[in-house]
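In structure tokens, the structure reads:
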């Protein structure tokens, strides 16, 4: 039988939630043995640049790591990379990795995130031409393939698809098509007025847009990938990026018999699961929304960091109700926004245009009550938006509205 190593804290995953949890634990406990382990071979790194700044030159690969190996060593955090955890025995409190290593934990954090949804590829040839983008290896593969003179089709109008189509259009000699089910990229969030702004900007960049396109299947014909849609003509391309969401990595949680909800691990306000020795954070955690107290699971960077930090503190004995309202953001060309709360384009209350041009504040909700705020090219106002949403302020609260719009 393989030797079992014992740890006070084990964190499965090496993303932002895992990294923040490790730092939070060390702020409260500098003695307990702490291990972080995961399948990726990179130290914890920034994910947003994979679909944004790495393509435009704003960010570099060297700037991606959240901390250096020396900094992690200085925190006495052991990190085992490139060795996925494949088995969790909650009764024995042990984890087994793909290499056969066995770890026993006192407290465990699951921060395993998710994986990109994959298209069905019936033809082997397609595997070299179809891409997803979830991690650094995915970025490297796509970056190496996206050569001048090729046509790339990005399928999916969510955050990843919208950002990547914009970023790829900046690559010299690359012809970019963008197909999505809605009327515009990010149509599920943006009101019609901003959808028009986005459509015009993509058009100016030379991106060929294909709204109302729902992917039905892929095949290989005459040396090209052909994307078939439910009610539209096929589109031929050299490369296709499949950006249609993610699936949570729930296998370990299922092995442990944890309670699940909304595609994640159901946790309480301290991020603790149905097993008292196991916490969950990041994309994997379904937690009580701090404003509406309903189960909530978010797939955004800020949420991963905040839940990781809260879970780490709770694991080290500082349990506090999680009250953070997570922010999400996006950059499309020179356009950008930050948003807080429930931002559903079907529930827009008002779109205001602050002074300065090219700016907007979008209020979402029901009746006069604001549930979400999107700040379009408006910066430094996210905390004010959070305060108003948490206080259930109405749109008639002129002082709060003035704070956001000036």
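In the numbering used here, the protein residues as written are 3 to 408. Ideal Cβ placement from N, Cα and C applies to all residues, glycine included. These figures come from a predicted structure and were not determined experimentally.
Problem - Residues that DSSP places opposite residue 298 in a beta bridge - result: 289
Practice task
Starting from residue 81, follow the beta strand (DSSP E) in both directions and report where the run begins and ends.
Solution key: 79-82
Handout entry: Three-way DSSP call (helix, strand, coil) for residue 395 in this model
Key = coil
Exercise for the section: Helix, strand or coil for residue 3, going by three-state DSSP, please let me know. Expected result: Low confidence applies here, because residue 3 scores a pLDDT of 47, under 50, leaving its location unreliable and the question unanswered by this model.
Practice task
Kindly indicate which residue of 255, 200, 77, 248 has the alpha-carbon position closest to the one of residue 120.
Solution key: 248
Practice task
Return the first residue and the last residue of the alpha helix (DSSP H) that residue 27 is part of.
Solution key: 18-30
Problem - Own chain residues within Cβ distance below 7 angstroms of residue 383, not counting five before or after - result: 377, 406
Practice task
Go through its chain and collect everything with a Cβ distance to residue 210's Cβ below 6 angstroms, but skip five positions before and after it.
Solution key: 179
Exercise for the section: State the DSSP-derived secondary structure class of residue 182, mapped to helix, strand or coil. Expected result: coil
Exercise for the section: Determine the DSSP secondary structure at residue 201, reduced to helix, strand or coil. Expected result: helix
Exercise for the section: Find out if the Cβ-Cβ distance for the pair residue 367, residue 351 is shorter than 8 angstroms. Expected result: yes
Problem - Alpha-carbon spacing of residue 152 relative to residue 241, whole angstroms - result: 8 angstroms
Exercise for the section: Throw me the rounded Cβ distance for the residue 324 and residue 289 pair, which I believe falls under 8 angstroms. Expected result: 6 angstroms
Handout entry: Nearest candidate by alpha-carbon position, reference residue 127, set 223, 262, 300, 25
Key = 223
Exercise for the section: Could you check which residue in 12, 44, 63 has the C-alpha nearest to that of residue 84? Expected result: 44
Exercise for the section: Within 10 angstroms of the Cβ of residue 404, are there 16 or more other Cβ atoms? Answer buried if so, exposed if not. Expected result: exposed
Practice task
Determine the extent of the alpha helix (DSSP H) in which residue 405 is found, giving its start and end residues.
Solution key: 400-407
Problem - Length of the line joining the Cα atoms of residue 40 and residue 328 - result: 25 angstroms
Exercise for the section: Can you give me the start and stop residues for the alpha helix (DSSP H) that residue 231 sits inside? Expected result: No alpha helix (DSSP H) contains residue 231, which is instead part of the beta strand (DSSP E) from 226-231.
Problem - Cβ-Cβ distance between residue 310 and residue 22 below 8 angstroms - result: yes
Problem - Distance between beta carbons of residue 229 and residue 157, contact taken as under 8 angstroms - result: 7 angstroms
Exercise for the section: Could you give the DSSP three-state label for residue 2: helix, strand or coil? Expected result: No statement about residue 2 is possible, as the shown extent of the chain runs from 3 to 408 and does not include it.
Practice task
Reducing DSSP to helix, strand and coil, say where residue 281 ends up.
Solution key: strand
Exercise for the section: Can you tell me which of 280, 233, 205 puts its alpha carbon nearest to the alpha carbon of residue 91? Expected result: 280
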